[in-house]
C-alpha cells in the first residue's frame, strides 16, 4: 500500500494541495472504519449476543441472496428457505389435509442450527423430562415428530466429531408411568445416557418410583452419572449418586448439581431406598464445597417448574446457569436472564421442554464476546438414528416380546360397561356396508402397521392400545376379552368397530339367537352401541372434550402426540358410515 | 508537526461524522437483540447489509401471553407486522411449532409504510400446564431474515387430581400400606364423592377407601377452590407380584361426573432378584443367543430385606446344564435390614452349542440357590439361552 501511496503524494508539488490530499485520504480511511464500525454495532447488542435460530441468508453485492453454510455437518442445516428458491407459500389451512407421510425438510420446518458458531471452549448440552419417549414423540409419521434417543445420540456424536468439547447434562424425568414397562424404559434410558457420555443426570419424580437401586448398581461407578444435592439412593454416602460433580474439559471446570423441586417432592409417597431433602437446604449444604472447587461455570439442574427454578436462581446467585425441567413443551429461543434488584444479570434460566423433543446447547467462550451462544436444538430427522441406540431400542422391544403381557404385569381389567368384545368380523355379518367402509380405512390394518415396522412394535403395549381392539387407549392395558396376541385373538386385530361403539358380544349373541332375552333388553343392547354425531362435531366451542361425544372417543388415540393434525370434520368423511347397515 | 496532528484530528472527526451518518442512513441505530421489533425473546440478525433500498420489518410484539386457558378452549391474537423500510417487504410463514397454531396472512408483500395483522390461534388441547408455541416468519429484510411470533400461557382444567394415581410402590408381603390422592375443583366450592369402588370385584376385599373433607388451606394447590382427600389402604393378603386396578369415583363435579383413577403397586417378598435380563414375575433370566466363541456373563443382585436379612446365608446348590457357571459374591449391607449378594451367571466361552429357550421343547436350564432364610429356603432361577457356533 505504502509503496503506491508514497510516490503518489510525493508527486504533488504544492504543499497545500499535498495537505489537502492527505486530509481527503484520512477522511476516506476514517469513513471506511466508521462504516465498518456501524455495521459491527448493528450486530452486537450491548450485553451478550444470544443467537437463537436464524437463517444464514445474506445478500451479495449485486443484491442477490446467497446461501452460506459454515456448518460442515449436513445435520446442522445448510439449507435455507430463500425467497427466490423457497417453497410455495402456505399461509392458511396449516392444520387440515396434510399428508403425514409427505417428505418434510427438517431444516425448513424447524430451522437451521449452530449457524456461524465458532468452536466453543465448552458446549453445555441440556436435556430432560423425556417422559418415557425413547422414540420420537408420537407416531404420526416420524418426519413430523421430534425427539428420541437415537437422534439425540447422533447429534452428540456430530458435535463431538467437530471437536467441540461437550458436557451433557440431563435433568431427569425419564419416565412418566410405572409398572414393568416403565421400569424397562427407565433401565434402558440410563444405559443410553451412560453410553452417550452424559456427565450428570438428575432425578425426576417418576424416576424415584422406579426400582432405582438395582438400576443404579448396574451403572458404571467410574462414570458416576447420577448427581443430586437433595436425593440420595439409600443415603447420600452410599456412592450410587453424588451430591455435585465437577467436570474438567478443555481447561474449563464446570460444576453441576441438581435438585428435585418441592412441588414434585409433595407428589411422592411410599418410597423405598431413597432419601430426599428440602432443595434449599440441600443446595445450602452443597454450595460451599462446590464454590471451593473454583469452577469456571456452575450449573443447577432443577426438576421443577420454571417458577421454582427461578426462585432458586435468585436465592443462589452463585449458579451461572439454572435449568428448569417442567416448563412448556417447547423451550424458548433464548435463555431468560435473571436479574438482581439492581438490574444486573446474575443467572441465565434455561428450559429444556418435554418428551426429549429438544435439547438446549450453550456454547461457552472464554475471554470472548459474546461470552456464550444459545441454541434450541430440535431433535428432528436431520439426525439419523444412531446404531448404538438402535441396538438398545431393539433389545427393549425384544424384552417386551419375551415378557409378553403377563410378564409385564398387564392383567386384563373389566371394561367399564362390563361387556365382552366380539371382533369386527362378527359385526360384519349384519352391518355389511359399515364393515366394507371400515375395511378400506387405515383402522382396518392398524395392527399390521405395527407388525411391519422394524423392529416390530406388535408386542409394545403402548402401541397395541390404539392399534388393536379392546384396550384402554390411554392407559395401555387390555380389557377382559380384548386383544392378547395375533395368535390368541386374531379376530381383534385392527382398530375395530367396538373401540368406538363399545364391546358387542352380548348384542351379537342376542341377535344370533345364542342367548334368549326380553325384547326390551335386546333393544337396550342395540341402543348401547349407537353413536350420534352432532352438527359440526368436534368444532363447537367447548365440545372437544365433552364427555360422551363421538369426537371424545377419536381423540383417545388421535391425540396431540399421535395425530396432531386430527380434525374430526376433515377425518370423518374417510370413515363415514351411517345407519345399521 | 503540529499541522499534521491537526490534519489527523480533523480527518478522524470528519470521517467519523461522515461514516456515522452513512451508517445511520443504511442501518439506523444499533439494535439490542430484536428490541426494535418487539420486546419478546430476541433473535439476532447477522446478514451483511448493503447499500440501497431495502425493506425493514417491525412487529408490535414478539410474544403474547394468553394467560390461563381452560383445556379445550381456543384463543386468538393478532400480531401487527409493518414495513418501515423503503422497499417491498416479503413475508413467509413457516411451519408452526405445533399444528394447533393457525396463522393467516391476507398478503405476503407489504409496500413501504404498509402493515398487516397476522392472526394466530391456539386451541388448548394439550395436557394442563404451561405451553409455548410459535410461528416462524421469514422475511427479505436483510437485517431480520427470520423471527418467531410466540404464544404462551397455561392450560388449566376445572378439576385436578394430585397425584394422578394411587401408587403404592413396593409393599412387603403381609404389610399394610396407605396412599393418598387429593381431588380438587378449581371452580366449585363443594366437592363430593358420591360413590367410590375398586373396579375389580375380586380385589375389593384387599382395599379400604376413606374419603375426608379437606380445608382449602390444606389443599396441595392453592388455586383450588375445594377438595377432598381419598386414602386408599392396601391390606395384607394381596398376592406377591405387581397389581394394577382402577378406583371408580362418581362425583358431583359437572366436568367429571365419573373418574377412573389408576391403582398400582408391587407386593414383594423378603428376597428378590434384580438385574438386566431378569424377569422377576416369571423367575426367568434371558441370555438370548450367545456365541460359543465369546460366551456371556450376567451379574444379578440377590436383595434380602427384613428382620432375617442380616444372618441369611446363600450358596449355589446346583446348576443345569453343568456348563453354566454360577458364582456368589460377598454380601454387602447397604442399610439396616437390606443386604445385596451379587450372583454372576456365566456361559463360558467355548461352551458347546445347545438350546434352552423354551422349557416345553428343550431341556430346562436353571440355577438353584439354597438360603437360610426361613421363608425362602430355595431360590430357583430359570435360564433361557441358546449357544451358537
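Chains as they are written, first to last, in my numbering: chain C, 9 to 589; chain V, 1360 to 1748.
The beta-carbon is built from N, C-alpha and C at its ideal position, and this holds for glycine as well.
Q) Going along chain V, which residues have a C-beta under 7 Å from residue 137 of chain C? A) Chain V residues near residue 137 of chain C: none, gap ~11 Å exceeds 7 Å.
(Q) So the candidates are C/186, C/525 and C/456; which of them puts its Cα closest to the Cα of residue 503 of chain C? (A) C/456
Q.
At the 8 Å Cβ level, is residue 319 of chain C part of the contact set with chain V, yes or no?
A. no
Q. For residue 537 of chain C, which residues from the same chain have a beta carbon less than 7 Å from its beta carbon, with the 5 sequence-adjacent residues on both sides left out?
A. 509, 510, 512 and 515
Q: Return helix, strand or coil for residue 112 of chain C, following the three-state DSSP convention.
A: coil
Q: Please classify residue 481 of chain C: does DSSP put it in a helix, a strand, or coil?
A: coil
Q | contact_flag[the region 1477-1495 of chain V, the region 1443-1459 of chain V] where n(CB pairs < 8 Å) is 3 or more | A | yes
Q | Proximity winner among C/402, C/396, C/376 and C/558, relative to residue 125 of chain C (alpha-carbon distances) | A | C/376
Q.
By the 9 Å beta-carbon criterion, what residues does the region 225-236 of chain C contribute toward chain V?
A. 225 and 226
Q: Would you kindly report the start and end of the unbroken alpha helix (DSSP H) that includes residue 507 of chain C?
A: 505-509
Q. Would residue 311 of chain C pass as a contact of residue 339 of chain C if the rule is Cβ separation under 8 Å?
A. no
Q) Between residue 1528 of chain V and chain C, is there a C-beta pair that is closer than 8 Å? A) yes
Q: On the DSSP bridge assignment, give the partners of residue 235 of chain C in chain order.
A: C/250
Q: Can you tell me which of V/1710, V/1527, V/1447 and V/1540 puts its alpha carbon nearest to the alpha carbon of residue 1573 of chain V?
A: V/1540
Q) Using the beta-carbon of each residue, which ones in chain C are nearer than 8 Å to residue 1726 of chain V? A) Simply none; closest approach about 18 Å.
Q) Can you give the Cα-Cα distance for residue 291 of chain C and residue 264 of chain C, rounded to whole angstroms? A) 11 Å
Q | 7 Å CB neighbourhood of residue 1677 of chain V in its chain, flanking five on each side removed | A | 1727
Q: Less than 8 Å between the CB atoms is what I'm expecting for residue 284 of chain C and residue 239 of chain C, so what's the real figure, rounded?
A: 5 Å
Q: Flag this pair as touching only if the region 1605-1616 of chain V and the region 370-389 of chain C have three or more C-beta atom pairs under 8 Å; answer yes or no.
A: no
Q) Going by alpha carbons, who is nearest to residue 320 of chain C out of C/358, C/419 and C/422? A) C/358
Q.
Strictly below 7 Å CB to CB, what residues from chain V border residue 336 of chain C?
A. 1489, 1490, 1491 and 1511
(Q) If I measure Cβ to Cβ from residue 60 of chain C and keep anything under 6 Å in the same chain, skipping five residues before and after, which residues do I get? (A) Because the pLDDT at residue 60 of chain C is just 29, under 50, the model does not fix this residue reliably, and the value given afterwards should be weighed accordingly. Excluding residues within five positions, the ones whose Cβ falls inside 6 Å are 341 and 342.
Q. With a CB to CB cut of under 8 Å and the five nearest residues on each side skipped, what residues in its chain are close to residue 1732 of chain V?
A. 1629, 1630, 1663, 1667 and 1671
Q: Mind checking which residues open and close the alpha helix (DSSP H) that includes residue 199 of chain C?
A: 188-204
**Q.** Beta-bridge pairing of residue 1559 of chain V - partner residues as DSSP gives them
**A.** Note: residue 1559 of chain V sits in no beta bridge, so no partner.
(Q) Determine whether the beta carbon atoms of residue 1484 of chain V and residue 568 of chain C lie at a separation below 8 Å. (A) yes
Q: Determine the direct distance from the alpha carbon of residue 1444 of chain V to that of residue 141 of chain C, and round the result to whole angstroms.
A: 46 Å
Q) Do three or more CB pairs link the region 395-410 of chain C to the region 188-201 of chain C at distances below 8 Å? A) yes
Q) Should residue 215 of chain C and residue 363 of chain C be called a contact, given that it needs their Cβ atoms to be closer than 8 Å? A) no
Q: Decide if residue 156 of chain C is buried, meaning its Cβ has at least 16 other Cβ atoms within 10 Å, or exposed.
A: buried
Q) Taking a cut of 7 Å between CB atoms, which residues from the region 1625-1651 of chain V lie near chain C? A) 1633, 1634, 1635, 1638, 1640, 1641 and 1645
Q. If you pair each beta-carbon of the region 444-459 of chain C with each one of the region 1642-1652 of chain V, do three or more pairs fall below 8 Å?
A. no
Q) Are residue 262 of chain C and residue 130 of chain C close, meaning C-beta to C-beta below 8 Å? A) yes
Q: Output the distance between the C-alpha atoms of residue 1554 of chain V and residue 1621 of chain V, rounded to the nearest integer angstrom.
A: 16 Å
Q | Whether residue 273 of chain C touches residue 207 of chain C by CB criterion (8 Å) | A | no
Q: Report the partner residues of residue 1742 of chain V according to the DSSP bridge assignment.
A: V/1644 and V/1724
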